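Each remark here refers to the structure printed beneath this line.
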Amino acid sequence: MTSETPAAPARKLFLLDAFALIYRAHFAFSKNPRVNSKGLNTGAILGFTNTLVEVLQKEKPTHIGVAFDGPKKTFRHEQYAAYKAQRQAMPEDIGLAIPYIKQIIQAFHIPILLVEGYEADDVIGTLARRAEQQGFGEVYMMTPDKDYCQLVTDCVKIYRPAFMGNAAEILDVAHVLQRFEVERAEQVIDILGLQGDASDNIPGIPGIGEKTAKKLIQEYGSVENLIANVDQLKGKQQQNVREFAEQGLMSKELATIHLDVPIEFEADKLVLDQPDHEELRRLFDELEFRQLAARVLDGGSPAGVTGNVSPRAKNEKRKTNAGQGSLFGTPADAAVAIGAEEGETGSLGAPAGLRRTLEDVAHQYHLLDTPALRAELLKFLLLQTEVSFDTETTGLDTMTARLVGLSFCWLPGEAYYVPVPQADDAAAQALVDEFRPFFDAEHILKIGQNIKYDLTILKHYGVEIRGPLFDTMLAHYLLEPDMRHGMDVLAETYLHYTPVPITALIGPRGKNQKTMADLPPAQVSDYACEDADVTLQLKYVFEPLLKEVGLLDLLNEVENPLVPVLAAIEYEGVQIDSAAMGEYSAELQGYITELETQIYQEAGEEFNIGSPKQLGEVLFDKMDLGGKKIKKTKTGQYATGEEILSQLAADAPIAGLILEYRQLSKLRSTYVEALPQLVCELDGRVHTSFNQAVTATGRLSSTNPNLQNIPIRTEKGREIRKAFVPRDANHLLLAADYSQVELRIMADFSGDQTMIEAFRLGQDIHTSTASKVFRVPLNEVDSEMRRKAKTVNFGIIYGISAFGLAQRIGISRKEATDIIDTYFEEFSSVKQFMDDSINKARELEYAETLLGRRRYLRDINSRNATLRGYTERNAINAPIQGTAADIIKKAMINIHEWLRDEKLATRMILQVHDELVFDAPQEEVAYITPKIKELMATALLLPHGVPLEVEVGTGKNWLQAH
DNA sequence: CGATTCACG
DNA sequence: ACGTACGTGAATCGA
177 MTSETPAAPA RKLFLLDAFA LIYRAHFAFS KNPRVNSKGL NTGAILGFTN TLVEVLQKEK
237 PTHIGVAFDG PKKTFRHEQY AAYKAQRQAM PEDIGLAIPY IKQIIQAFHI PILLVEGYEA
297 DDVIGTLARR AEQQGFGEVY MMTPDKDYCQ LVTDCVKIYR PAFMGNAAEI LDVAHVLQRF
357 EVERAEQVID ILGLQGDASD NIPGIPGIGE KTAKKLIQEY GSVENLIANV DQLKGKQQQN
417 VREFAEQGLM SKELATIHLD VPIEFEADKL VLDQPDHEEL RRLFDELEFR QLAARVLDGG
477 SPAGVTGNVS PRAKNEKRKT NAGQGSLFGT PADAAVAIGA EEGETGSLGA PAGLRRTLED
537 VAHQYHLLDT PALRAELLKF LLLQTEVSFD TETTGLDTMT ARLVGLSFCW LPGEAYYVPV
597 PQADDAAAQA LVDEFRPFFD AEHILKIGQN IKYDLTILKH YGVEIRGPLF DTMLAHYLLE
657 PDMRHGMDVL AETYLHYTPV PITALIGPRG KNQKTMADLP PAQVSDYACE DADVTLQLKY
717 VFEPLLKEVG LLDLLNEVEN PLVPVLAAIE YEGVQIDSAA MGEYSAELQG YITELETQIY
777 QEAGEEFNIG SPKQLGEVLF DKMDLGGKKI KKTKTGQYAT GEEILSQLAA DAPIAGLILE
837 YRQLSKLRST YVEALPQLVC ELDGRVHTSF NQAVTATGRL SSTNPNLQNI PIRTEKGREI
897 RKAFVPRDAN HLLLAADYSQ VELRIMADFS GDQTMIEAFR LGQDIHTSTA SKVFRVPLNE
957 VDSEMRRKAK TVNFGIIYGI SAFGLAQRIG ISRKEATDII DTYFEEFSSV KQFMDDSINK
1017 ARELEYAETL LGRRRYLRDI NSRNATLRGY TERNAINAPI QGTAADIIKK AMINIHEWLR
1077 DEKLATRMIL QVHDELVFDA PQEEVAYITP KIKELMATAL LLPHGVPLEV EVGTGKNWLQ
1137 AH
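And the structure:
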């Protein structure tokens, strides 16, 4: 009975401004466009639909309608030709999105409102006013557009949908009056009329901006009254208002939302209905909105948010929660604070320049500093299947850093920090031991950003993490290999969130640098929790992206499993014979001093030989060497590189001396002097860092020190390898090299039968190439021919040019051209392969390896010939170099696991692109040698079956092992 | 901090 | 007509 009286059910009407919401959603995704597998940009559709779903779920309206701008020009255009004139044409992506959006709205059984000749705001304004008159107590105009402020009344309010970290916002009369500093909402029109609106091309009055408009309207109440009292104004302002009075009035008129649109308000038609589930599912399938479908249609919570918690875990959590009302297990829907899962509130809207931070995002970060709380946390951790964690330490050097605390996160927006109770290593050890069940748990996926660091820290406390890993840094490396992968920029780009910079805690680099240990745990907690939280959310963003482009397997089967292998290699370190280095340093210094004297003598003066500038002046100005062959660098200095000096050396002895001086100085400063300084005090070994996310091709790189460029090509350089030794007299170094991997890969990819045959027969490939290129029988190939052929072979892999080849083997360009032509005649499939590689890259704008690793080549279609040429060479080289990297990475994983499973004492200690070095007990050498060979040769099988060969050597030092 | 040079694959 | 082989990292000089 009561339900039939109009006042009883609380009627709640939502009117959505479609275009305003669509535009906002579209531009929110413009930085990381979302594209489905058919190439449709779905950002606007997803954003809009998310907003719609959110309002349905959270606000539960009883009535709803979506307004679009009507067709044909509006009265505003007739009134003012420039209206919205400079606004750009609708982006094509939005045009394509609109039919889908309309279908989705229809599938929700929500009426679409549009009136010819009127814009959506007029329609919404008119309907809102009439709804109010018909007794609706709550009417919400859903829009991000501030023009609507003029319409706000006690019943009619603006609903600004949730916007990144900012929750949905309701603007009522009080808000509007405060924001525009006016007495009545209608005066918003006067403000807008005076200050104009650049985006709608409403001119306003020149010289009047936001501040002045507010002041003038406070004083005069309206544009009309201001004009009537223009005498009271002063100077330039008076002149402007006088001169542009008409423009001001017109602007006010343009800004006015018209409430007389010819449209009936029929409440019945706006009643919220059940959606057409089948139709929605069809649309979501086509658009590939998997998570949205799960959330809307399957009644599930967002998969990414709670999907990682097993049902049992959830029940457990709830029970415990109810029982003690504790910290753990906030209901998932309250935890969507900064989630960016498929257009979660977080990623919905983030116009450039608007960024969320810790301060304006809802989150629950907890500091757990009692044994009881830690025990409770551990209990919950063990119920999860995916947890992100982070270690806080006293520094970045893994060998010396000490643990300060651990943070964990398994629900977005909710994280826990456990500090080491006292600043001593025993306390840290005890804490790690307490959480050992978590690190040992095979069933938990451990997520981290640069997780190798955390693994290494934990190794120092005796923990070998088990179970699968997911590194967000590596995930992004696969998505965008040539970008940076730091957590802060990833959070900015993918979550529209700005993490607290570490410098805010420990200050800028330099002396007096604090560490995490110097700060109260409460302060570290937020930072640490944020890291774990952001990392978890990045994982949720990256995983579907990787899946879309087919890179998830590469991540899960190569990059992530390689992490513990690299951690082990780095942790193990390499034994360096510092004494031998010391002796050699002195020896080199002797040569260097001698060379210096001779050089000064030749030059007739003393100067800094290490300064290319001074050297150039001495050689080319004072000594007048070089003749016309003088080259300059791009900065206008004389070029004094190896190539130049070698040419000079024929008739100027000083050039040869300088080359030798340079070589020896390099050896001494970069290796002989530097390496012993990097020996770790704790174990007397050198620990390099292998970077897994720097190269564009998929190779590793090595820093601090770089152990991938230890000399070998010259006699004096090679000597340095004698100082790389096994751990003790009972061990040997074992070096295993792939022989000509890259050439084999190219032979296989091209399917060139001539070259494949040579490899199958186990021929020396350079001799074989020489025989073809110089058209002589194999046994007549001399060493000079072989040398040239070797250069050609390398050149091919790099994307050869006649000029480059001529330069390198010291022949004329004509001769080089002939050699290349003959090469392509003999190996015609190789030529085909090179052309195909370029064409494929032109099409895709990326090149890919055997395992699908991508290198984007966005300049491949450039009109700049130089740039294009460079990119074309990359199109040839990247798949080859990258596949070689894929292969050795797989081999490393397999060997590491085999050594571990066999409980062998042999340790992998280095990787140098096509070589692995092991420190092996002498008695294991015979057993491991064939197995290592086999595991390397079969790590990946090439499509055409070209075999991989591995050469193994052992010795008392790295030089002997070759 | 960029440019130059040179060590490696 | 133009510039010229792929991928790295470290030391050094000098603005």
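Residue numbers (the numbering used here): 177 to 1138. For every residue, glycine included, the Cβ atom is placed at its ideal position computed from N, Cα and C. Here the structure is a predicted model, which is why all the values come from computation and not from measurement.
CB of D616 within 7 Å of CB of D707, strictly: For this step, residue 616 is matched to residue 440 along the first sequence. For this step, residue 707 is matched to residue 531 along the first sequence. It is not a contact, given that the beta carbons lie outside the stated cut-off.
Sufficient close CB pairs (3 or more, under 8 Å) joining the region 980-987 to the region 922-933: no
Pick from N784, A431, E656 and F203 that is closest to R1031, judged by C-alpha positions: Position 855 of the first sequence, counted from the first residue, corresponds to residue 1031. Of N784, A431, E656 and F203, the residue nearest in Cα terms is E656.
Which residues DSSP lists as bridging K333, in chain order: As a working mapping, residue 333 is identified with position 157 in the first sequence. Y316.
V676 versus L582: straight-line alpha-carbon distance, rounded: As a working note, residue 676 is residue 500 in the first sequence. As a working note, residue 582 is residue 406 in the first sequence. Cα-Cα distance, rounded: 17 Å.
Cutoff 6 Å; reference E735; Cβ partners in own chain excluding five residues on either side: Here residue 735 refers to the residue found at position 559 of the first sequence. Within the same chain, E735 has close Cβ partners L650.
Backbone secondary structure at Q310 - three-state DSSP: Reading the first sequence from its first residue, position 134 is the one you call residue 310. Coil.
Same chain only: Cβ atoms within 8 Å of P829, ignoring 5 sequence neighbours per side: The residue given as residue 829 occupies position 653 in the first sequence. Contacts found: E778.
The region 993-1004 touching the region 942-951, judged by at least three CB pairs closer than 8 Å: yes
Validate contact between the region 911-930 and the region 961-976 using beta carbons, cut 8 Å, 3 pairs: yes
Residue range of the alpha helix (DSSP H) that includes L1111: In the first sequence, counting from the first residue as 1, residue 1111 sits at position 935. Residues Q1098 to A1113.
Opening and closing residue of the alpha helix (DSSP H) in which E960 lies: As a working mapping, residue 960 is identified with position 784 in the first sequence. Segment S959 to Y974, the alpha helix (DSSP H) holding E960.
At least 3 beta-carbon pairs within less than 8 Å: the region 1112-1124 vs the region 1053-1070: yes
Where the beta strand (DSSP E) containing Q751 begins and where it ends: What you label residue 751 is simply residue 575 of the first sequence in a count that begins at 1. Element bounds for Q751: V750 to I752.
For V349 and A304, believed in contact at Cβ under 8 Å, the rounded distance: Working through the first sequence from its first residue, we reach residue 304 at position 128. Working through the first sequence from its first residue, we reach residue 349 at position 173. So it is not a contact: roughly 14 Å between Cβ atoms.
Close Cβ partners of P1123 (< 6 Å) along its chain, the five nearest in sequence each way excluded: For this step, residue 1123 is matched to residue 947 along the first sequence. There are no such residues.
Residues near G874 by beta carbon distance below 7 Å, same chain, minus five either side: Start at 1 with the first residue of the first sequence, and residue 874 comes out as number 698. So the list reads T1025, R1029, G1058, A1061 and D1062, once near-sequence residues are dropped.
Buried/exposed call for R471, threshold 16 Cβ in 10 Å: By one-based count along the first sequence, residue 471 stands at place 295. Counting Cβ neighbours within 10 Å, R471 comes out buried, since at least 16 surround it.
Beta-carbon separation (whole angstroms), Y847 vs C705, contact threshold 8 Å: In the first sequence, the residue the question calls residue 847 occupies position 671. In the first sequence, the residue the question calls residue 705 occupies position 529. With a Cβ gap of about 43 Å, Y847 and C705 do not count as contacting.
DSSP three-state assignment for W1074, whether helix, strand or coil: Working through the first sequence from its first residue, we reach residue 1074 at position 898. DSSP places W1074 in helix when its eight states are reduced to three.
Contact check, I365 vs A431, beta carbons under 7 Å: Here residue 365 refers to the residue found at position 189 when the first sequence is read from its first residue. Here residue 431 refers to the residue found at position 255 when the first sequence is read from its first residue. The answer is yes: Cβ separation under 7 Å.
I1071 versus K1016: straight-line alpha-carbon distance, rounded: Working through the first sequence from its first residue, we reach residue 1071 at position 895. Working through the first sequence from its first residue, we reach residue 1016 at position 840. When rounded, the distance between both Cα atoms is 34 Å.
Neighbourhood of T225 by C-beta distance below 6 Å, restricted to the same chain and skipping five residues each side: Numbered from its first residue, the first sequence carries residue 225 at position 49. Cβ neighbours of T225 beyond the five flanking positions: I280.
Assigned secondary structure, M799 (DSSP; H/G/I helix, E/B strand, else coil): Sequence index remark: in the first sequence, residue 799 carries index 623 (1-based). It is coil, neither helix nor strand.
Per-residue DSSP class, three states only, for Y294: To locate residue 294, count along the first sequence from 1; it is residue 118. Residue state, collapsed to three classes: coil.
Neighbourhood of P613 by C-beta distance below 7 Å, restricted to the same chain and skipping five residues each side: Counting from 1 along the first sequence, the entry for residue 613 is found at position 437. Contacts found: L554 and L558.
Validate contact between the region 303-320 and the region 192-207 using beta carbons, cut 8 Å, 3 pairs: yes
Opening and closing residue of the beta strand (DSSP E) in which I620 lies: Residue mapping note: residue 620 aligns to position 444 of the first sequence, counting from 1. That residue, I620, is in no beta strand (DSSP E); it is neither H nor E in DSSP.
Residue of C585, P881 and P451 minimising C-alpha distance to I623: Along the first sequence, one-based indexing puts residue 623 at 447. Checked all of C585, P881 and P451; the closest Cα to I623 is C585.
Whole-angstrom distance between K798 and K805, CA atom to CA atom: Reading the first sequence from its first residue, position 629 is the one you call residue 805. Reading the first sequence from its first residue, position 622 is the one you call residue 798. If you take the alpha carbons of K805 and K798, they lie about 16 Å apart.
Collapsed DSSP secondary structure at E763 in the structure displayed: Translated into the one-based positions of the first sequence, residue 763 becomes position 587. Here E763 sits in helix by DSSP.
Residues near A756 in its chain [Cβ-Cβ closer than 8 Å; skip 5 each side]: In the first sequence, counting from the first residue as 1, residue 756 sits at position 580. Hits under 8 Å: K898 and A899.
Cβ contact (3+ pairs, closer than 8 Å) linking the region 283-298 and the region 238-247: yes
Spatial neighbours of I1056 in its chain, beta-carbon cut-off 6 Å, leaving aside the 5 residues before and after: Reading the first sequence from its first residue, position 880 is the one you call residue 1056. Excluding residues within five positions, the ones whose Cβ falls inside 6 Å are E918, I921, M922 and I973.
Beta-carbon proximity list for T811, same chain, < 8 Å, skipping 5 on both sides: Reading the first sequence from its first residue, position 635 is the one you call residue 811. Here the set comprises nothing.
Nearest-angstrom Cβ-Cβ length linking V1128 and L910, presumed shorter than 8 Å: Counting from 1 along the first sequence, the entry for residue 1128 is found at position 952. Counting from 1 along the first sequence, the entry for residue 910 is found at position 734. Yes, they are in contact, since the Cβ atoms of V1128 and L910 sit about 6 Å apart, within 8 Å.
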